[in-house]
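**Student:** Read in order, the letters of the sequence shown are residues 394 to 831 in the numbering used here.
Below you will find the structure I want to go over with you.
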Amino acid sequence: MDAVAFSPAPNPNAAPFPSASPSSRARRFSIRGPPLSVAVADAAVPCSGATGAGQGYVWMSHRTPGSDTWDLAVRSKHLWEDLAAEMDGLRAGGARESLGWMKTGSLLVGRTSKELATLEEKTKVLSQAGINAECLSASSLHALEPALCVGNDGGAMFLPEDRQIDAFQAVSLIEKINRSYTPKGRYMELYNDPAMSLIRSEVTGRVEGVQTSKNILYGRKATVVASGAWTRSLLHSFLGPNSTLDIPVKPRKGHLLVLENFDMLKLNHGIMELGYVDHQGDNSHSIHLSSTSNEDEHDAASISMTATLNTKGHLVLGSSREFKGFSREVDKSILKSIWDRAGEFFPAINNVHLDIDEDKEIRIGHRPYMPDGKPVIGFVPDMSNVLIATGHEGSGLALALGTAEMVTNMILGDPGRVDFTPFSIENRFSGNSTPSVP
Numbered sequence: 394m395d396a397v398a399f400s401p402a403p404n405p406n407a408a409p410f411p412s413a414s415p416s417s418r419a420r421r422f423s424i425r426g427p428p429l430s431v432a433v434a435d436a437a438v439p440c441s442g443a444t445g446a447g448q449g450y451v452w453m454s455h456r457t458p459g460s461d462t463w464d465l466a467v468r469s470k471h472l473w474e475d476l477a478a479e480m481d482g483l484r485a486g487g488a489r490e491s492l493g494w495m496k497t498g499s500l501l502v503g504r505t506s507k508e509l510a511t512l513e514e515k516t517k518v519l520s521q522a523g524i525n526a527e528c529l530s531a532s533s534l535h536a537l538e539p540a541l542c543v544g545n546d547g548g549a550m551f552l553p554e555d556r557q558i559d560a561f562q563a564v565s566l567i568e569k570i571n572r573s574y575t576p577k578g579r580y581m582e583l584y585n586d587p588a589m590s591l592i593r594s595e596v597t598g599r600v601e602g603v604q605t606s607k608n609i610l611y612g613r614k615a616t617v618v619a620s621g622a623w624t625r626s627l628l629h630s631f632l633g634p635n636s637t638l639d640i641p642v643k644p645r646k647g648h649l650l651v652l653e654n655f656d657m658l659k660l661n662h663g664i665m666e667l668g669y670v671d672h673q674g675d676n677s678h679s680i681h682l683s684s685t686s687n688e689d690e691h692d693a694a695s696i697s698m699t700a701t702l703n704t705k706g707h708l709v710l711g712s713s714r715e716f717k718g719f720s721r722e723v724d725k726s727i728l729k730s731i732w733d734r735a736g737e738f739f740p741a742i743n744n745v746h747l748d749i750d751e752d753k754e755i756r757i758g759h760r761p762y763m764p765d766g767k768p769v770i771g772f773v774p775d776m777s778n779v780l781i782a783t784g785h786e787g788s789g790l791a792l793a794l795g796t797a798e799m800v801t802n803m804i805l806g807d808p809g810r811v812d813f814t815p816f817s818i819e820n821r822f823s824g825n826s827t828p829s830v831p
């Protein structure tokens, strides 16, 4: 094999939460020339964690032109659009059937005159960057989304070209594409097979591959670690006590509530309140719940409204953010807060009784949070053939293809479409980091 991409979880009972799917990285490896052979090792199966627990937004509405992640977001969205166009041309059901691709557009909404002013400024900035964006008054918004209520002083920023995908459908498609390279000896996937250690040359100390629980994989060109929120502890165990590398990625737990065939609310777009955008710390737009945990100074749960319908017509409501370690316990108080918060924007559901104990789909995932607000993508210092890709927090799916292309370019020594520098490990974690905008 030329490259090994893996998403291990150090706890054998825990599921992996890749920050950007190793399967998507394998696709980029495989279709690029010169040909590469790729093995993907996963402690569980794709979409076991954060990737499968999200809403699938491929949005630009919450991005900031000129920020470190802007070019990566633009490129990644373009790659998703290319893949969707390819599927539309090849399959009867097109991209909707194969990717869960939905041309919903996005609505970033506010309920006060102050929030509307912020949205007007964001619209101006995005428009100047070439994004099709429009600021809507409350009355104009009502015409697009009759069920949404923002009051007389509110409004929204509308990006008609933002899209939505289904993580499970998208990963299934990418796996199918990857597997077409298996007969040629260029692709292998090892699921439910966690990586245990790196294999090093006894002579040079160079990393030669990965020891999993069941297999030994050798990578001639590179080993890619895509272990999401587990990256920090995993690297500590792999590199040993003498290593000075410390990547401060940590799990940021989130809940989503999925209501099947919920006919009390009809939505035409993907919707998010403005408060969700300010995800790096406290903000005045979303609500906060107290916590009894003392493990982190930022342990209070933050609830911001997000709402969409998926391709099956199910209502997907979110979202929470909290630091709770790797707990996968369902917190009923958070689910109630998500429901109540949604009711502030969608009055129609206030008359609906939500029985949290009923058999509803509850998605829980751990976003790989970075204090400086941007992913880590690059070679490990002093390890010329080991790369890390993590820290995408809530944007793992949206940025997956762009990240995969970037990693591929790094391995091949190509300059790439997007500057690698902002995501480099070198000299980044020596002091306190200042959060960047998305």
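No residue lacks a Cβ here, since even glycine has one placed at the ideal position from N, Cα and C.
1. When we look at the beta-carbon of Tyr-574 and count the other beta-carbons within 10 Å, is it buried (16 or more) or exposed?
2. Under 6 Å Cβ to Cβ from Leu-652, same chain only, skipping five residues before and after it: list those, please.
3. Compute the beta-carbon to beta-carbon distance between Leu-501 and Leu-509, rounded to the nearest angstrom, for a pair I have assumed lies under 8 Å.
4. Please determine, among Val-600, Leu-658, Ser-532 and Gly-442, the residue with the shortest C-alpha to C-alpha distance to Gly-736.
5. Report the rounded CA-to-CA distance for Trp-494 versus Gln-562, giving the unit in angstroms.
6. May I ask you to report which of helix, strand or coil DSSP gives Asn-778?
7. If we ignore side chains and look at the alpha-carbon of each, how far apart do Ser-726 and Met-776 end up?
8. Which stretch, first to last residue, makes up the alpha helix (DSSP H) that contains Leu-628?
9. Have a look at Asn-545 and Ile-696 and give me their C-alpha separation to the nearest angstrom.
10. Figure out for me which residue from Arg-821, Tyr-450, Ala-793 and Thr-704 has the closest Cα to the Cα of Ser-491.
11. Can you tell me where the beta strand (DSSP E) holding Gly-647 begins and where it ends?
12. Which residues in the same chain have their Cβ closer than 8 Å to the Cβ of Asp-555, if we skip the five residues on either side of it in sequence?
13. Pull up the distance between the alpha-carbon of Leu-638 and that of Ala-622, whole angstroms please.
14. Taking Cβ positions, are Pro-641 and Gly-718 nearer each other than 8 Å?
15. Starting from Gln-521, trace the alpha helix (DSSP H) both ways and give me its first and last residue.
16. Hey, could you find the ends of the beta strand (DSSP E) Val-379 is sitting in?
17. Run through the DSSP bridge pairs and tell me what Gly-503 is partnered with.
18. Identify every residue that forms a DSSP beta bridge with His-759.
19. Measuring alpha carbon to alpha carbon, tell me which of Ile-567, Lys-753, Ala-396 and Trp-732 ends up nearest Val-745.
20. If you run the structure through DSSP and keep just helix, strand and coil, what is Ala-398?
21. Using a Cβ-Cβ cutoff of less than 6 Å, which residues in the same chain neighbour Asp-656 once the five nearest sequence positions on both sides are dropped?
22. How big is the Cα-Cα spacing for Gly-482 and Pro-815?
23. Flag this pair as yes or no: are the beta carbons of Leu-792 and Leu-566 separated by less than 8 Å?
24. Counting only the same chain and skipping the five closest in sequence on each side, list residues whose C-beta sits under 8 Å from that of Thr-457.
25. Terminal residues of the continuous beta strand (DSSP E) containing Arg-376?
26. Answer with buried or exposed for Gly-442, where buried requires no fewer than 16 other C-beta atoms within 10 angstroms of its C-beta.
27. Quick one: what does DSSP say Ile-558 is sitting in, helix, strand or coil?
28. When you compare only the Cα positions, how much space is there between Arg-625 and Pro-740?
29. Within the same chain, show all residues whose beta-carbon is closer than 6 Å to that of Asn-612, passing over the 5 residues directly before and after it, in chain order.
30. Taking the alpha-carbon of Ala-526 as reference, which of Phe-551, Ala-619 and Gly-809 has the nearest alpha-carbon?
31. Where does the unbroken alpha helix (DSSP H) through Arg-714 begin, and where does it stop?
32. Are the CB atoms of Leu-660 and Leu-702 within a distance shorter than 8 Å?
33. If you count every other CB in all the chains shown that lies within 10 Å of the CB of Ser-730, and 16 or more means buried, which is it?
34. Is His-785 buried or exposed, if buried means 16 or more other CB atoms sit within 10 Å of its CB?
35. Helix, strand or coil: how does DSSP classify Leu-529 here?
**Tutor:** By the coordinates alone:
1. The residue given as residue 574 occupies position 181 in the sequence shown. Under this definition Tyr-574 is a buried residue.
2. For the purposes of this step, residue 652 is identified with residue 259 of the sequence shown, where counting begins at 1. Within the same chain, Leu-652 has close Cβ partners Leu-708.
3. For the purposes of this step, residue 501 is taken as the residue at position 108 of the sequence shown. For the purposes of this step, residue 509 is taken as the residue at position 116 of the sequence shown. Their Cβ separation, rounded to whole angstroms, is 11 Å, which puts Leu-501 and Leu-509 out of contact at 8 Å.
4. For the purposes of this step, residue 736 is taken as the residue at position 343 of the sequence shown. Minimum Cα distance to Gly-736 is reached at Leu-658.
5. Taking the sequence shown and counting its residues from 1, the one referred to as residue 494 is at position 101. Taking the sequence shown and counting its residues from 1, the one referred to as residue 562 is at position 169. Going by the C-alpha atoms only, they are around 9 Å apart.
6. Taking the sequence shown and counting its residues from 1, one reaches residue 778 at position 385. Three-state result, Asn-778: strand.
7. Sequence index remark: in the sequence shown, residue 726 carries index 333 (1-based). Sequence index remark: in the sequence shown, residue 776 carries index 383 (1-based). Going by the C-alpha atoms only, they are around 45 Å apart.
8. Numbered from its first residue, the sequence shown carries residue 628 at position 235. Following the DSSP letters along the chain, one finds Leu-628 inside the alpha helix (DSSP H) bounded by residues 624-632.
9. Counted from its first residue, the sequence shown places residue 545 at position 152. Counted from its first residue, the sequence shown places residue 696 at position 303. Near 23 Å, if we compare the C-alpha coordinates of Ile-696 and Asn-545.
10. Along the sequence shown, one-based indexing puts residue 491 at 98. The shortest Cα separation from Ser-491 among Arg-821, Tyr-450, Ala-793 and Thr-704 belongs to Thr-704.
11. Residue 647 sits at position 254 when you count from the first residue of the sequence shown. Segment 643-652, the beta strand (DSSP E) holding Gly-647.
12. On the sequence shown, residue 555 is found 162 positions in, with the first residue counted as 1. Sequence-distant Cβ neighbours of Asp-555 in its own chain, meaning closer than 8 Å and more than five residues away, are Tyr-450, Val-451, Trp-452, Met-453, Ser-454, Thr-497, Gly-498, Ser-499 and Gly-663.
13. Within the sequence shown, numbered from 1, the residue matching residue 638 stands at position 245. Within the sequence shown, numbered from 1, the residue matching residue 622 stands at position 229. Rounded to the nearest whole angstrom, the C-alpha separation of Leu-638 and Ala-622 is 16 Å.
14. Counted from its first residue, the sequence shown places residue 641 at position 248. Counted from its first residue, the sequence shown places residue 718 at position 325. Pro-641 places its beta carbon 8 Å or farther from that of Gly-718.
15. Taking the first residue of the sequence shown as 1, we reach residue 521 at position 128. It spans 506-521 - the alpha helix (DSSP H) in which Gln-521 sits, taken as one unbroken run.
16. Given a span of 394 to 831 for the chain in the structure shown, any question on residue 379 remains unanswerable.
17. Along the sequence shown, one-based indexing puts residue 503 at 110. BP columns for Gly-503 point to Gly-548.
18. As a first step, residue 759 must be located in the sequence shown, where it is residue number 366. Partner(s): Lys-646.
19. By 1-based counting over the sequence shown, the position of residue 745 is 352. When C-alpha distances from Val-745 are compared across Ile-567, Lys-753, Ala-396 and Trp-732, the shortest belongs to Trp-732.
20. In the sequence shown, counting from the first residue as 1, residue 398 sits at position 5. In this structure, Ala-398 counts as strand in the three-state DSSP scheme.
21. Taking the first residue of the sequence shown as 1, we reach residue 656 at position 263. Taken in chain order, the list of residues that qualify is empty.
22. Start at 1 with the first residue of the sequence shown, and residue 482 comes out as number 89. Start at 1 with the first residue of the sequence shown, and residue 815 comes out as number 422. Put simply, the backbone Cα of Gly-482 is about 36 Å away from that of Pro-815.
23. Residue numbering aside, residue 792 sits at position 399 when the sequence shown is read from its first letter. Residue numbering aside, residue 566 sits at position 173 when the sequence shown is read from its first letter. No.
24. Locating residue 457 in the sequence shown gives position 64, counting from the first residue. Result list for Thr-457: Trp-463, Val-518, Val-830 and Pro-831, in chain order.
25. Beyond the ends of the chain as shown, which are 394 and 831, falls residue 376; an answer cannot be given.
26. As a first step, residue 442 is located in the sequence shown; it is residue number 49 there, counting from the start. Per the 10 Å Cβ criterion, buried.
27. Counted from its first residue, the sequence shown places residue 558 at position 165. In this structure, Ile-558 counts as coil in the three-state DSSP scheme.
28. Counted from its first residue, the sequence shown places residue 625 at position 232. Counted from its first residue, the sequence shown places residue 740 at position 347. Across the structure, Arg-625 and Pro-740 are spaced so that their CA atoms are roughly 43 Å apart.
29. The residue you call residue 612 lines up with position 219 of the sequence shown. The amino acid occupying residue 612 in the given sequence is Gly; Asn does not appear at that position. Contacts found: Met-394, Ala-396, Val-397 and Gly-602.
30. Position 133 of the sequence shown, counting from 1, holds the residue named residue 526. Per the Cα distances, Phe-551.
31. Reading the sequence shown from its first residue, position 321 is the one you call residue 714. Arg-714 -> not in any alpha helix (DSSP H); beta strand (DSSP E) instead, spanning 708-714.
32. As a position in the sequence shown, residue 702 is number 309, starting the count at 1. As a position in the sequence shown, residue 660 is number 267, starting the count at 1. Note that the C-beta distance between Leu-702 and Leu-660 is below 8 Å.
33. For the purposes of this step, residue 730 is identified with residue 337 of the sequence shown, where counting begins at 1. Ser-730 is buried by the Cβ-count criterion.
34. As a first step, residue 785 is located in the sequence shown; it is residue number 392 there, counting from the start. So His-785 counts as buried.
35. Within the sequence shown, residue 529 is the residue found at index 136, counting from 1. Leu-529 falls in the strand class under three-state DSSP.
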